[in-house]
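Protein chains in written order, with the numbering used here: chain A, 1 to 114; chain B, 1001 to 1114. Ideal Cβ positions, reconstructed from N, Cα and C, are used throughout, including at glycine. Have a look at the structure below before the remarks.
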């Protein structure tokens, strides 16, 4: 059974500092890994999707790496801003499954202080 | 235009009642999902429909019954509500189920059972 863990559970940094969020998964047989952002009282927004054959994806200040063999992904957010404050969730999709059956981690709650 | 919309946003009800949550997507996606986010913020899949056909049915009490009148709608009906049903329920959609792509989430329905 796939388990996804995110460490730390919460993170507080001053504005301008780089953020490093970690995600680990127990079963390396994944199809892809996604990073989501969740704001309080709102739904999830997909930030980056990394296919299992890829090592990283970049979008603006965000960069996500994937090491499938070791079951790890890291989300880097450069030069953090107060608007980056949110909960960040990672989720993996299995190779053999009917449907988009994601397994989510518990999230990292990020606070960027001005 | 909201891509995935669900109503109501908040639902407060008594134990034993029956309630429904509605979801609609205007993205032209074939696949829709219901996820449950518990108090510890873990998101878990409940159901998935592809073109009105059920393709994922996790271990969910049969008090929960999804209904998909067409591929743009997936409603969730809950009978005999219990305290443990209190959670945030998210609807989501994706283009296809067999090749997992990005998920698009609704903003959630916060259900409180008193």
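Residue contact with chain B for residue 54 of chain A: absent (no Cβ-Cβ distance below 8 angstroms to any residue of chain B).
For residue 44 of chain A, at least one C-beta of chain B is nearer than 8 angstroms to its own C-beta. Under a criterion of Cβ atoms nearer than 8 angstroms, the residues of chain B adjacent to residue 34 of chain A are, in order, 1102 and 1103.
With respect to residue 78 of chain A, residue 55 of chain A sits apart: the two C-beta atoms are not nearer than 8 angstroms. Contact of residue 25 of chain A with chain B is not assigned, every C-beta pair being separated by 8 angstroms or more. The three-state reading of DSSP puts residue 67 of chain A in strand, counting E and B together.
Residue 1081 of chain B counts as buried, since at least 16 other C-beta atoms from the protein chains shown sit within 10 angstroms of its C-beta. DSSP places residue 1024 of chain B inside the beta strand (DSSP E), whose first and last residues are 1019-1025. Under the DSSP definition of a beta bridge, residue 1087 of chain B partners with B/1111. Residue 84 of chain A carries a helical assignment under DSSP once its states are collapsed to helix, strand and coil. The Cβ atoms of residue 66 of chain A and residue 1102 of chain B do not sit closer than 8 angstroms to each other.
Within the region 1030-1074 of chain B, no complete alpha helix (DSSP H) segment of 4 residues or longer occurs.
Under the three-state reduction of DSSP, residue 26 of chain A is assigned to coil, being neither helix nor strand.
At a beta-carbon threshold of 8 angstroms, none of the residues of chain A lie near residue 1011 of chain B; the nearest stands roughly 14 angstroms away.
The Cβ of residue 1064 of chain B sits no closer than 8 angstroms to any Cβ of chain A. If you draw a 10 Å sphere on the C-beta of residue 37 of chain A, you find 16 or more other C-beta atoms in it, and that means buried. The alpha-carbon separation between residue 1016 of chain B and residue 15 of chain A amounts to approximately 48 angstroms.
Within the region 1055-1086 of chain B, contact with chain A at the beta-carbon level (separation under 9 angstroms) is assigned to 1055, 1056 and 1058. Ranked by Cα distance from residue 3 of chain A, the first of A/111, A/94, A/10 and A/53 is A/94.
In the DSSP assignment, residue 94 of chain A forms a beta bridge with A/30.
Not one beta carbon of chain A lies nearer than 8 angstroms to the beta carbon of residue 1019 of chain B.
In the DSSP assignment, the residues bridged to residue 113 of chain A are A/14. Exposure of residue 1054 of chain B is indicated by the presence of fewer than 16 other C-beta atoms within 10 angstroms of its C-beta.
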